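Student: Protein chains in written order, with our numbering: chain A, 1 to 420; chain B, 421 to 671. Backbone N, C-alpha and C fix where the C-beta goes; we use that ideal spot for every residue, glycine too. All values reported here derive from a predicted model rather than from experimental measurement. Below is the structure I would like to discuss, written out as structure tokens.
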């Protein structure tokens, strides 16, 4: 009968007490799981946002808006802006664009975009609609750099009389001398491009665009230097404000920066606030566990002082006796944890909503108080949660029984027997 | 006969000027006041005296449950007053068997498991522990009560389990603190006879208030106010042969 086994058997000495203690310890475990699920839900929400909304800043020449910062206009970013941007911390990618326009009919026009084939095809002014999808032919590739090839939107293709089956042989000629009230006519010869793909974006204006390789664009329009727009992607939404700040410092008055502040604000306000509150809740739950274990073990040691004395009189080592009590404390925590898990699986979701609504929402900025309704606050029990529970069990058992174990060690066998 | 000046050879216990002083708040309590005592390797010694006379303090010091404030305490060749705590633990495990007034059986262990405990602490292999514990319980007449918990046993049976447990590691010294204090006189008599039997092969020291039972011992040591009593306390009820073997200690 090892002292560990004695510790295990001591657990069952009073079943009523075991139930009471399991309930007392299970409650903070339940609270811990609920807080952890809230923190996890918010983290998942943030991760989804990070993936689905952009972390991208758009840089334009200072004072230029709309379509005027295009070829034929002096208001474009200097070429060295690209190198400066790439030198800023937390910049994951910098994508330079060159823009032009070409008249179609009446007062309509199509956008002409020079873009590196490896970069994202953003639809001017409507980036939120998503990237264009190739419906015929192919997309631009790195091998197209410098070649007179392009992909065009399906509406522009229809206007130009291009059919999907013609892709690969079809061409489109840009007449650079043609003008329009907002388009700068250029004194350059017409250029014929081979159309290698047609894309669809889901809306008409987005489908009135043409993408060609950036190098090709520079050659066609005679723009050796300069950038119309520069898209800068931060490595996370969290770093977006810092990147924006550093870009302003690096570029000075050269550029205007358009930042998706909503995402950054969500990241820095709601997410952090919720996660801090959830962490505080977890810490509070852990503290409650420690307090419960502390008092339970103190009671147990006082109650069994004569047994401790007897063990010592019989030649048990302090370490062995301490091990039996520590085993009991760990098992009490484990049973409490199991009770907490059962409660959590049954009532974790509704209670998480309640805790969020009553305990966390009041501490959030007003615009985020309805956040709970959008969060998937459902009980989840994965390896990470199991790891947290095991760690919490060990922590609560060790911290909660430390004082009692110290009392056991310093108790002389004779003093213990006097408690008889 | 004065044990304080007997030769060391053949003695299990030797105390020289052993003192034990407790501090209770502002009050200083002298529990043992310069005890000189020698106890041989076999036989039963009764420690008799009034409540608070120091007999339990003496028992605790001899059993390494407590340390003397000053003086020398040598038991089975080991100076207990100088041993470190870990060595005292080993000493209690290997050299002493305790029998308590309230039996002190672990309530959620069976009689067999209670007897196996000291052997577990000594590192005895499990099959050997079980075999020896069964033998010991059989010797004390509890062969049919091996799996019973203490609450399922009578007082006398519990004390017999405690005696079997005290014998588990085959120690040379058994210390019994009022072993019949919670038993009726008939059962008490039976326990004393059991201890007396055990004392044929080792030293048994019994603390007792009960003078008739003390008279069964080979020797009675009287303590008064922390000192060995100078007065002889011959047992009036003991038979003649016992009287001839018995000696009393004078302080």
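Confirm, please, whether the CB-CB distance from residue 647 of chain B to residue 465 of chain B is below 8 Å.
Tutor: no
Student: Which residues of chain A have a Cβ atom closer than 9 Å to the Cβ of residue 528 of chain B, listed in chain order?
Tutor: 6, 9, 10, 12 and 13
Student: For residue 342 of chain A, count neighbouring C-beta atoms within 10 Å of its own C-beta (all shown protein chains included) and say buried if the count is 16 or more, exposed if not.
Tutor: exposed
Student: Taking only beta-carbon positions, decide if residue 316 of chain A is within less than 8 Å of chain B.
Tutor: yes
Student: Sort out for me which residues DSSP pairs residue 212 of chain A with in a bridge.
Tutor: A:114
Student: Find the residues of chain E that neighbour residue 544 of chain B, judging by a C-beta separation of less than 9 Å, and give them in chain order.
Tutor: In summary, chain E is missing from the structure at hand, where the protein chains are A and B.
Student: If you scan the region 513-593 of chain B from start to end, which runs of the alpha helix (DSSP H) of 4 or more residues do you find wholly inside it?
Tutor: 531-541, 546-559 and 575-586
Student: Which residue comes first and which comes last in the beta strand (DSSP E) that contains residue 93 of chain A?
Tutor: 91-103
Student: Give me the Cα-Cα distance between residue 493 of chain B and residue 452 of chain B, rounded to the nearest whole angstrom.
Tutor: In a straight line, the C-alpha of residue 493 of chain B is about 12 Å away from that of residue 452 of chain B.
Student: According to DSSP, is residue 509 of chain B helix, strand or coil?
Tutor: helix
Student: Secondary structure at residue 405 of chain A, three-state DSSP: helix, strand or coil?
Tutor: It is helical.
Student: Check whether the Cβ atoms of residue 135 of chain A and residue 203 of chain A sit closer than 8 Å, and answer yes or no.
Tutor: no
Student: Just to confirm, is the Cβ distance from residue 339 of chain A to residue 408 of chain A under 8 Å?
Tutor: no
Student: If you reduce the DSSP assignment to three classes, tell me which class residue 629 of chain B lands in.
Tutor: coil
Student: Is the shortest distance between the beta-carbon of residue 306 of chain A and the beta-carbons of chain B less than 8 Å?
Tutor: yes
Student: Counting C-beta neighbours from all protein chains within 10 Å, is the total for residue 253 of chain A 16 or more, i.e. buried, or is it exposed?
Tutor: Its Cβ having fewer than 16 others within 10 Å, residue 253 of chain A is exposed.
Student: Does DSSP put residue 473 of chain B in a helix, a strand or coil?
Tutor: coil
Student: Please list, in chain order, the chain A residues whose beta carbon lies closer than 8 Å to that of residue 538 of chain B.
Tutor: Contact annotation for residue 538 of chain B against chain A: 314 and 315 [CB-CB distance below 8 Å, chain order].
Student: Alpha carbon to alpha carbon, how far is residue 486 of chain B from residue 397 of chain A? Give it in angstroms, no decimals.
Tutor: 31 Å
Student: Under 8 Å by Cβ, that's how I've got residue 176 of chain A and residue 170 of chain A pegged, so tell me the actual separation to the nearest angstrom.
Tutor: Not confirmed; about 20 Å, so no contact.
Student: How about residue 183 of chain A and residue 109 of chain A: do their beta carbons lie closer than 8 Å?
Tutor: Yes, they are a contact pair.
Student: Does residue 533 of chain B pass the burial test, meaning 16 or more other C-beta atoms within 10 Å, or should it be called exposed?
Tutor: buried
Student: So, with DSSP's three-state summary, where would you put residue 380 of chain A?
Tutor: coil
Student: With three or more beta-carbon pairs closer than 8 Å as the criterion, would you say the region 623-641 of chain B touches the region 454-470 of chain B?
Tutor: yes
Student: Look at residue 633 of chain B and residue 600 of chain B and say whether their C-beta atoms are less than 8 Å apart.
Tutor: yes
Student: Residues in the region 226-256 of chain A with C-beta within 9 Å of chain B's C-beta atoms, listed in sequence order?
Tutor: When CB distances to chain B are screened at a threshold of 9 Å, not a single residue of the region 226-256 of chain A falls below it.
Student: Please give me, in chain order, every unbroken run of the alpha helix (DSSP H) with length at least 4 that falls completely inside the region 198-261 of chain A.
Tutor: The qualifying runs are 214-221 and 240-251.
Student: In terms of alpha-carbon separation, which member of B:554, B:569 and B:570 lies closest to residue 563 of chain B?
Tutor: B:554
Student: Which same chain residues end up closer than 7 Å to residue 282 of chain A when comparing Cβ atoms and leaving out the 5 residues on each side of it in sequence?
Tutor: 32, 35 and 36
Student: Mind checking residue 249 of chain A: buried by the 16 CB within 10 Å criterion, or exposed?
Tutor: exposed
Student: For residue 491 of chain B, name the three-state secondary structure that DSSP assigns.
Tutor: strand
Student: Closest to residue 107 of chain A by C-alpha separation, out of A:115, A:179, A:97 and A:333, would be which residue?
Tutor: Residue 107 of chain A has its Cα closest to that of A:179, out of A:115, A:179, A:97 and A:333.
Student: Just to confirm, does residue 327 of chain A get its C-beta within under 7 Å of one of the non-hydrogen atoms of the ligand FAD?
Tutor: Of ligands this structure carries none, so the ligand FAD is not represented either.
Student: On the criterion of 16 or more Cβ atoms from any shown chain inside 10 Å, does residue 378 of chain A qualify as buried, or is it exposed?
Tutor: exposed
Student: For the candidate residues A:23, A:25, A:91 and A:132, whose alpha-carbon lies nearest to that of residue 56 of chain A?
Tutor: Relative to the Cα of residue 56 of chain A, the nearest Cα in the group A:23, A:25, A:91 and A:132 belongs to A:91.
Student: Quick check: what's the CA-CA separation for residue 443 of chain B versus residue 5 of chain A?
Tutor: 39 Å
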